DNA sequence: GATGCAATAT
DNA sequence: AATATTGCAT
């Protein structure tokens with residue numbers, strides 16, 4: 001995958017939610033992420049605006065439950081007439097609902113309350129859908145609310161942020177794309193520390209004193225299986241497979257490096 | 001079916 | 001070299 005250093009400032013996002021508080025919060029967070037934001041409190045109006053002003057939006061975030069029109073209906077309409085990535089959003093995370101969103105063509109499903117980290121990388125949906133994204137098109141840094149009145153002008157230095165048509169993803173962006181596609185887990189020293197702690201915690205309970213160091217190590221860690229380690233670590237998004245993979249990679253150095261009677265915790269610093 | 005684990009792939 | 005995925009045994 002190609003890589004670039006910059007963030008796509010000015011991506012045009014439409015947010016649809018009947019709850020004004022949600023709208024405001026979303027708008028704030030999206031601004032912080034350097035997106036341009038249009039908020040809309042009712043789905044029919046959003047749909048009208050999207051249709052009237054085609055090519056002025058890049059991405060839609062829509063609530064699921066709305067009085068005038070079901071979020072899925074809006075999703076469907078957009079899918080039929082417009083070629084825009086749509087992210088569904090709801091406090092309800094039932095699998096059936098999420099499934100419905102995905103099968104109806106949503107590119108993502110955000111669970112309320114939405115955290116800002118989940119918004120930082122939504123631009124990647126645009127890239128993925130269109131293959132490429134031109135960041136040099138019109139540069140009005142203006143936000144609109146559903147009444148098409150000017151509500152806010154962003155005074156960021158957009159001018160200095162030029163780029164070519166081809167998007168490239170920086171490692172940092174890929175790393176915390178937690179709600180997006182597969183990001184490789186990076187075992188930072190922080191994360192590894194937690195991993196080691198979990199392994200130790202599991203080991204401590206079951207340790208049997210043994211005259212043989214090798215035996216004691218084996219005994220010490222028989223409970224430290226991927227699933228238990230994962231559960232103790234409590235890292236969102238970290239799967240059993242991730243832990244298994246790391247355990248496999250680590251176990252070699254564990255057995256090789258451990259000097260006699262050294263506790264695993266001592267390895268924390270050496271990583 | 002869920003899990004652990006070694007081998008293998010990327 | 002690091003992490004993911006696969007395949008097989010339990």
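Residue numbers (this note's numbering): 1 to 271. For each residue, glycine too, the CB sits at the ideal point set by N, CA and C. None of these values were measured; they are calculated from a predicted model.
- In this chain, the alpha helix (DSSP H) harbouring residue 21 covers 20 to 32.
- One Cα belongs to residue 185, the other to residue 56, and the distance between them is close to 35 Å.
- Residue 18 holds the alpha-carbon nearest to the alpha-carbon of residue 69 among 11, 18, 234.
- The distance from the Cβ of residue 21 to that of residue 36 is about 21 Å, inconsistent with a contact at the 8 Å cut-off.
- Following the DSSP letters along the chain, one finds residue 62 inside the beta strand (DSSP E) bounded by residues 59 to 63.
- Per the C-alpha coordinates, the member of 237, 16, 123, 250 positioned closest to residue 189 is 250.
- By the Cβ neighbour-count rule, residue 52 is exposed, with fewer than 16 other Cβ atoms within 10 Å of its own.
- When DSSP states are grouped into helix, strand and coil, residue 116 belongs to the helix group.
- For residue 49, the enclosing alpha helix (DSSP H) starts and ends at 43 to 52.
- Take the alpha-carbon of residue 25 and the one of residue 125: they are about 21 Å apart.
- At the C-beta level, residue 63 and residue 16 come within 8 Å of one another.
- Here the stretch 101 to 116 lies against the stretch 66 to 82, with 3 or more beta-carbon pairs under 8 Å apart.
- Across the set 227, 109, 235, 183, the C-alpha of 235 shows the shortest separation from the C-alpha of residue 193.
- In the DSSP assignment, residue 14 is bridged to 38, 60.
- Beta-bridge analysis with DSSP links residue 111 to 90.
- Rounded to the nearest whole angstrom, the CA to CA distance from residue 105 to residue 86 is 8 Å.
- In the displayed model, residue 250 falls within a helix according to three-state DSSP.
- In the displayed model, residue 183 falls within coil according to three-state DSSP, outside both helix and strand.
- Residue 66 sits in coil when the DSSP states are folded into three classes, being neither helix nor strand.
- Here residue 97 carries a helix assignment [DSSP, helix/strand/coil].
- Residue state for residue 197 is assigned as helix, using DSSP reduced to three classes.
- In the DSSP annotation of this structure, residue 234 is not part of any alpha helix (DSSP H), being labelled neither H nor E.
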